[in-house]
Every structure is written in C-alpha cells, then in structure tokens.
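*Asks:* I have a structure here, written as structure tokens, and I will follow up with some questions on it.
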Amino acid sequence: MKVGISITTQLSNILKSLRKNPDKLGEIYLTSITNTLTFIDKYNLNYLELISVPPFDSELLTKIERKLAKLIEDKDTIFHLPSWEVDISAMNKGMREAAVNELKKQIDIISNVGVGKFAIHPGSFGSLDYLYKALEEHSRKIILESILQLRDYCKKCASQLFVENLPYHTPLFTRPEEFDKFVEYDVPLVLDTSHAVTAGQNPVDFLKRFKEAVVEIHLVDGFLDKPDKHYALGDGDVNLDEIVKTIKKLRLDPILMLEVVTPQDIEKSMKKLKEYKVV
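Add 26 to a position in the sequence shown, counting from 1, and you land on the number used in my numbering.
Below is the structure:
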C-alpha cells in the first residue's frame, strides 16, 4: 500500500520555533519538512504531505520556492491548502473571494515546484457555526462554488483538487452523503479517519460509498463525539482493522497518510501499520 507522512508531525516544533524566532518563517517551514523526510526515508516511504497554516502564506512560499522544489524533488507530494483564516465558506463575499484568490496563489507556487495534488477543507465556518446550519442551503451553494473555482484552477495548473470530510462539531460536511455533489463534479475525497469518528461517522461508510473516489486517507486516531486531537493509531476509537480489510476487499489504492502530531506518534502508528501488514 502507498503510505506517507504529513508534516503535521512537526506542528509542536513549528510553534515553539515561531515563538522564539517569528522572523524566520521560511527557515522553520523548510526545517519541518526536512525533519519529516527523515522519518519518510527511515521507513522507506515515498509520500509526503505539506500543510499551509497561518502564518504561512503565498508570500512566504514564493520566497522559499526554489529551496522547497529541491527538498521534495524525489517525493510524491500532496499539499494541504489552508483553512481557518482562509475561509472559502465565508458568508461575506469579499472575504470569500479573498480566500479563493489566496488559495489560487498557493496553487500556482506549489504547482511550480512539481506538486500536482491539493487537499482542502470545504470551509472553516468562522465562529458562528449555528449560522451556517441555519442557512444550510445557501452555505452549501457558496461552498460548492468556491470548490469548483479551485477545481478548475487546479486543472489549469495540471493539478487535481481533493476535498476532505470535517470533524466533530462542524455544522456541515461530516457525513458521507454530503460529498456526493463534489464527487459528481469530479472532486475526489480525502477521508480523515479521526474527523469521521469524532463526528460520529464510520470511516468505512465513506469507503463503501465512494470507493475509488477516495484518493487519500488521513490515517489518524480519535474518539467518538470528542474534539479532534489527531492521536496515534491505536490510541482511540478508529477501527484500523476494519478500514484495512475494506480497502483490500474493495481493491482500493488510496494514499495512506499518517497525520499525527508528534514524532513519537509516527513510531507508534508505524508499528500499528506493520501489525496489519500495511507496510
């Protein structure tokens, strides 16, 4: 199976470094990638996922573009576009358009360094979750419009956009059937196992419903109806055995991306994957 590691494993180190040296954003980002690649090489893997979170933005990516290209040139890489502040679900049209434009800039830069796969959350929903649920039809309409704009832009860059299911306490896009429209419009799915479980969903239901349209799986643990903390595999309620058996039974071939948040959790999760003969 195709297995990789996300630089989410470096998040705590990134935050510590930013508190000490907030002016060295580029150096900190590149170091986090180098540290992640150490684990990828240790386990003889070939897949890497980069993430873009505040304060990393298109301006920073432009500055480090050449070094980034060199660093990841021999890896099959997915770039996780930002959410949170960069909110494609914003009710305010100006804010939503600004978010889409920032994402287009990042797609341009990252496509130039040889990455052709982009993952995205279908919205962040600000601090007014109830408003998006109350205006559900309108919310779904503007989010689909944003996603399709970005899908088309990715295609212009010879790239592909994937959309990810959302976690516990998110007003929309936690259930499998909510992704039918995206798949219908040629936007495949990133299945996050922790997001699914924390939102009261079974990850296997996504696999059975969408089959080959699940092109990436964020393999990470979590607890039913509790906040998403991205635990190591085996530490929560995610049924890894059922997931692996379903992938094999349906003859699926998604990228299995470890999206844990500490280097220690990589070690623990890799042991679990070996136990289930995934690696």
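For glycine and all other residues, C-beta sits at the position ideal for the given N, C-alpha and C. This one's a predicted model, so the numbers in the text were calculated from it and none came from an experiment.
Using the C-alpha atoms, what's the distance from residue 295 back to residue 232?
*Replies:* 22 Å
*Asks:* Based on the DSSP output, what are the partners of residue 32 in its beta bridges?
*Replies:* Beta-bridge partners of residue 32 (DSSP): 75.
*Asks:* Give the range of the alpha helix (DSSP H) segment to which residue 144 is assigned.
*Replies:* First-last for residue 144: 143-146, but that is the beta strand (DSSP E), not the alpha helix (DSSP H).
*Asks:* Just the C-alpha distance for residue 246 and residue 69, rounded to the nearest angstrom, thanks.
*Replies:* 18 Å
*Asks:* Kindly confirm or deny that the segment 192-207 and the segment 142-151 touch, where touching means at least three C-beta pairs closer than 8 Å.
*Replies:* These segments touch.
*Asks:* Within the chosen definition, does the segment 44-56 reach the segment 115-130 through at least 3 CB pairs nearer than 8 Å?
*Replies:* Flag = no, the segment 44-56 and the segment 115-130 do not touch.
*Asks:* I'd like the span of the beta strand (DSSP E) that includes residue 103, first residue to last.
*Replies:* 102-106
*Asks:* Let's see if you can read the secondary structure: which residues bound the beta strand (DSSP E) around residue 218?
*Replies:* Residue 218: member of the beta strand (DSSP E) spanning 215-218, first to last residue.
*Asks:* Apart from the five residues on each side of it in sequence, which residues of its chain come closer than 7 Å, Cβ to Cβ, to residue 88?
*Replies:* 135
*Asks:* Ignoring anything shorter than 3 residues or poking outside the segment 230-269, list the beta strand (DSSP E) runs there in chain order.
*Replies:* You should have 240-245.
*Asks:* Going by DSSP, which residues form a beta bridge with residue 199?
*Replies:* Beta-bridge pairing links residue 199 to no other residue.
*Asks:* Please determine, among 165, 181, 157 and 167, the residue with the shortest C-alpha to C-alpha distance to residue 144.
*Replies:* 181
*Asks:* What residue from 280, 90, 292 and 277 has the CA that sits closest to residue 260's CA?
*Replies:* 292
*Asks:* So which of 253, 256, 225 and 212 has the shortest CA-CA distance to residue 236?
*Replies:* It is 212 whose Cα lies nearest to the Cα of residue 236.
*Asks:* Under the assumption that residue 254 contacts residue 193 (Cβ atoms under 8 Å), give the Cβ distance between them as a whole number of angstroms.
*Replies:* Yes, they are in contact, since the Cβ atoms of residue 254 and residue 193 sit about 4 Å apart, within 8 Å.
*Asks:* Hey, residue 160 and residue 196: beta-carbon distance below 8 Å or not?
*Replies:* With respect to the 8 Å criterion, residue 160 and residue 196 are not classified as neighbours on the basis of their beta carbons.
*Asks:* Anyone know if the C-beta pair for residue 230 and residue 189 falls short of 8 Å?
*Replies:* no
*Asks:* Give me the Cα-Cα distance between residue 186 and residue 208, rounded to the nearest whole angstrom.
*Replies:* Taking the straight line joining both Cα atoms gives about 13 Å.
*Asks:* On the DSSP bridge assignment, give the partners of residue 188 in chain order.
*Replies:* 145
*Asks:* Leaving aside the five residues before and after residue 121 along the sequence, list all residues of the same chain whose C-beta is less than 8 Å from its C-beta, in chain order.
*Replies:* Take residue 121, set aside five residues on each side of it, and the residues of its chain with a beta-carbon closer than 8 Å to its own are 113, in chain order.
*Asks:* Note the first and the last residue of the continuous alpha helix (DSSP H) segment covering residue 56.
*Replies:* 51-68
*Asks:* Counting pairs of beta carbons, one from the segment 74-85 and one from the segment 97-108, are three or more of them closer than 8 Å?
*Replies:* Yes, they touch.
*Asks:* Thinking C-alpha only, which one of 263, 125, 103 and 117 is nearest residue 109?
*Replies:* 125
*Asks:* Buried or exposed: which applies to residue 251, given that a residue is buried once 16 or more other Cβ atoms fall within 10 Å of its Cβ?
*Replies:* exposed
*Asks:* For residue 281, list the residues DSSP reports as bridge partners.
*Replies:* 28 and 242
*Asks:* Take residue 276 and list the residues in its own chain whose beta-carbon comes closer than 7 Å to its own, dropping the five residues that flank it on each side.
*Replies:* 233 and 237
*Asks:* Confirm, please, whether the CB-CB distance from residue 287 to residue 35 is below 8 Å.
*Replies:* yes
*Asks:* Is it buried or exposed for residue 41, if we count other Cβ within 10 angstroms and need 16 for buried?
*Replies:* exposed
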